[in-house]
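Student: My numbering numbers the first residue of the sequence shown as 36 and each following residue consecutively.
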Amino acid sequence: MTASSPSRTAASPTTAPSGPPPPRPPPGRSAVTAPDPRLRRFALLALAAVALGVAATQLSPRSEARSLAPPRPVHPVRLAAPAVVEPASRVIELQAQVQGRLARVTKESGDPIRRGELLAELENSVERANVALRRAELARAEAVLSRLEGGAREEDRRTATADLERAEAALEAAKIDLERAQTLVARGVRPAHALDAARATHAMRRAERDAARARRDRLAAGERPEVLSEARAEVERARAALALAEAQLAQTRILSPVDGFCVYRYREPGEVVGRQSDTLPVLSVAGVGVLCLRAEVDAADVGRVHVGQRVHATAPAYPGQTFSGTVQKLEPTLGRKNFRTGRPTEKIDTKVLEVVVALDPGQNLPLGLETTCLFLEGPDNAARQEEGRRGQGNLR
Numbered sequence: 036m037t038a039s040s041p042s043r044t045a046a047s048p049t050t051a052p053s054g055p056p057p058p059r060p061p062p063g064r065s066a067v068t069a070p071d072p073r074l075r076r077f078a079l080l081a082l083a084a085v086a087l088g089v090a091a092t093q094l095s096p097r098s099e100a101r102s103l104a105p106p107r108p109v110h111p112v113r114l115a116a117p118a119v120v121e122p123a124s125r126v127i128e129l130q131a132q133v134q135g136r137l138a139r140v141t142k143e144s145g146d147p148i149r150r151g152e153l154l155a156e157l158e159n160s161v162e163r164a165n166v167a168l169r170r171a172e173l174a175r176a177e178a179v180l181s182r183l184e185g186g187a188r189e190e191d192r193r194t195a196t197a198d199l200e201r202a203e204a205a206l207e208a209a210k211i212d213l214e215r216a217q218t219l220v221a222r223g224v225r226p227a228h229a230l231d232a233a234r235a236t237h238a239m240r241r242a243e244r245d246a247a248r249a250r251r252d253r254l255a256a257g258e259r260p261e262v263l264s265e266a267r268a269e270v271e272r273a274r275a276a277l278a279l280a281e282a283q284l285a286q287t288r289i290l291s292p293v294d295g296f297c298v299y300r301y302r303e304p305g306e307v308v309g310r311q312s313d314t315l316p317v318l319s320v321a322g323v324g325v326l327c328l329r330a331e332v333d334a335a336d337v338g339r340v341h342v343g344q345r346v347h348a349t350a351p352a353y354p355g356q357t358f359s360g361t362v363q364k365l366e367p368t369l370g371r372k373n374f375r376t377g378r379p380t381e382k383i384d385t386k387v388l389e390v391v392v393a394l395d396p397g398q399n400l401p402l403g404l405e406t407t408c409l410f411l412e413g414p415d416n417a418a419r420q421e422e423g424r425r426g427q428g429n430l431r
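#1: Using the three-state DSSP reduction, which class does residue 385 fall into: helix, strand or coil?
#2: Among the residues of its own chain, which have a CB less than 8 Å from the CB of residue 251, if the five just before and after it don't count?
#3: Return the chain-ordered list of same chain residues with a C-beta closer than 8 Å to the C-beta of residue 412, the five sequence neighbours on each side being excluded.
#4: What would DSSP say about residue 411, mapped onto helix, strand or coil?
#5: Count the other CB atoms, across all protein chains shown, that sit within 10 Å of the CB of residue 308; report buried if there are 16 or more and exposed otherwise.
#6: Does the separation of the CB atoms of residue 328 and residue 348 fall below 8 Å?
#7: Compare the Cα-Cα distances from residue 395 to each of 244, 249, 363 and report the closest residue.
#8: Within the continuous alpha helix (DSSP H) that includes residue 323, where are the two ends?
#9: Alpha carbon to alpha carbon, how far is residue 228 from residue 215? Give it in angstroms, no decimals.
#10: Hey, out of 359, 171, 213, whose CA is closest to residue 406's CA?
#11: I'd like the ranges of any alpha helix (DSSP H) spanning at least 4 consecutive residues and lying wholly in the stretch 250-295.
#12: With a threshold of 16 other CB atoms inside 10 Å of the CB of residue 291, please say whether the residue is buried or exposed.
#13: Are the stretch 121-132 and the stretch 265-275 touching by the rule of at least three beta carbon pairs closer than 8 Å?
#14: Is the beta carbon of residue 138 less than 8 Å from the beta carbon of residue 156?
#15: Between the Cα of residue 208 and those of 222, 225, 236, spot the shortest distance and give me the residue it belongs to.
#16: Since residue 299 sits in a beta bridge, which residues does DSSP pair it with?
#17: Reducing DSSP to helix, strand and coil, say where residue 420 ends up.
#18: What runs of the alpha helix (DSSP H), each 4 residues or longer, lie entirely inside the stretch 166-250?
#19: Would DSSP call residue 307 helix, strand or coil?
#20: How many Å lie between residue 297 and residue 397 at the Cα?
#21: In its own chain, which residues sit with a C-beta less than 6 Å from the C-beta of residue 323, not counting the 5 before and 5 after it?
#22: Per DSSP, which residues does residue 438 bridge with? Please list them.
#23: From the DSSP output, in three-state form, read off residue 162 for me.
#24: Excluding the 5 residues flanking residue 320 on each side, which residues of the same chain have their C-beta closer than 8 Å to its C-beta?
#25: Taking a contact to mean a Cβ-Cβ separation below 8 Å, would you say residue 404 touches residue 352 in this structure?
#26: Answer yes or no: do residue 287 and residue 373 have a C-beta to C-beta separation smaller than 8 Å?
#27: Run through DSSP, which three-state label would residue 112 get?
#28: Buried or exposed: where does residue 121 fall if 16 or more other Cβ atoms within 10 Å of its Cβ makes it buried?
#29: Kindly list the residues whose CB is nearer than 6 Å to the CB of residue 219, restricted to its own chain and excluding five residues on each side of it in sequence; keep chain order.
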């Protein structure tokens, strides 16, 4: 009885909590404080916004196109070289072949031209008169030769035969008179001088008969070979003289050597041209075709350029623009530099190789424009380098 009293004292109302005791958590779990309802609402709104953003990105056509577009290839630049814009055929400067005064210039800068078209002409009245004279001489020589080669006409032959017959008849009459005179003189009827006159008449008629016969025979047989040879030689001489006169006249004219256009007109009518000390042309022309770039590549970089290589070009006159083309030709020999960039680091005495780059169609640039050619490193260049490395490995 005495031992149970302390336990009742420990459970006295002064130490026990008021109200029902809180529920205990299940075994193995600790008690968790309940989250705030406002935090839960904010988290749900954030998740919804992220889900809408992901859906919009996936359904956007721009995103789809960006994902389907292949990556743009990037071709690094292998080499840069100065270049100038030229026509497909180089600019041709035309000068007078002989000294003289310009009579006319038919083209202006930029005008189209045709091959063989007259572009300029010197005063040439003397040369034209000489050509007319030589043509007349040739016509006369050809007429003489034609007459000799064709022989006599039928009318001439009939006339020669008739002349021969008259000459023979006259000779026969003179012979009869001579015989009568001889008889009369022998009888003493006529004086002796009558016989001399008859003999002279007979001799003259015989000579006339011989001349008529020779002419008849010559017309029938044609001219002698030496006469024909002389006539043919005269024709050849006249032809050579005409050719020389025409050549002298042609030297006073400037004709277009190509189909293209006039690049620049340097001279005006009235100016004297053709002097040995005069280097200024009358006109410069160029052929029709796509434009090209003529680049100068240093001798040390020749192995980095080849036909078919793609090229980009830039020019200070066209900022922000790039022009494209393809290497068309490599000159066979090295030469001296023609272009000067003015940079302090530029090498002036170095050897260079001229490379012709054909611009793609539709790119119009003024002739003579200075540009910079950027020779690109394309897939074909990489293949070439790989083949070169394999070849060196095989040699080792």
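C-beta atoms are modelled at their ideal positions from N, C-alpha and C, and glycine is treated no differently.
Tutor: Concretely, from the data shown:
#1: DSSP places residue 385 in coil when its eight states are reduced to three.
#2: Annotation for residue 251: 192, 195, 196, 198, 199 place their beta carbon closer than 8 Å to its own, counting only its chain and skipping 5 residues before and after.
#3: Here residue 412 has 110, 111, 112, 113 as same chain residues with Cβ atoms under 8 Å from its own Cβ, once five neighbours each way along the sequence are excluded.
#4: Residue state, collapsed to three classes: strand.
#5: So residue 308 ends up on the buried side.
#6: Their beta carbons are under 8 Å apart, which means residue 328 touches residue 348 by this criterion.
#7: With distances taken between Cα atoms, residue 395 lies closest to 363.
#8: In the DSSP assignment, residue 323 falls outside any alpha helix (DSSP H) and carries neither an H nor an E.
#9: Rounded to whole angstroms, the separation of the alpha carbons of residue 228 and residue 215 is 13 Å.
#10: Comparing Cα positions, the closest option is 359.
#11: For the stretch 250-295, whole alpha helix (DSSP H) runs of length 4 or above, ordered along the chain, are 260-285.
#12: Counting every other CB atom within 10 Å of its CB across the protein chains shown gives residue 291 a total of 16 or more, marking it as buried.
#13: Contact fails: fewer than three Cβ-Cβ distances are below 8 Å.
#14: Closer than 8 Å, so yes.
#15: Closest option to residue 208, Cα to Cα, is 236.
#16: Per the DSSP secondary-structure output, residue 299 pairs in a beta bridge with 319.
#17: Unreliable placement is indicated for residue 420, whose pLDDT of 49 sits below 50; no coordinate value is reported for it.
#18: For the stretch 166-250, whole alpha helix (DSSP H) runs of length 4 or above, ordered along the chain, are 189-222.
#19: Of the three classes helix, strand and coil, the one that applies to residue 307 here is strand, per DSSP.
#20: Inter-residue distance for residue 297 and residue 397 is about 20 Å (C-alpha atoms, whole angstroms).
#21: Residues of the same chain with a CB within less than 6 Å of the CB of residue 323, apart from the 5 flanking positions on each side, are 294, 295 in chain order.
#22: Because the chain spans 36 through 431 in this model, residue 438 falls outside it and cannot be assessed.
#23: DSSP, reduced to helix, strand and coil, places residue 162 within a helical segment of the structure shown.
#24: Apart from the 5 residues on each side of it in sequence, residue 320 sits with its Cβ closer than 8 Å to the Cβ of 126, 127, 129, 148, 154, 291, 292, 293, 295, 296, 297, 298 in its chain, given in chain order.
#25: Yes, Cβ-Cβ distance for residue 404 and residue 352 is below 8 Å.
#26: No, they are not a contact pair.
#27: The answer is strand: DSSP assigns residue 112 an E or B state.
#28: By the 10 Å Cβ count, residue 121 comes out buried.
#29: These residues qualify, in order along the chain: 225.
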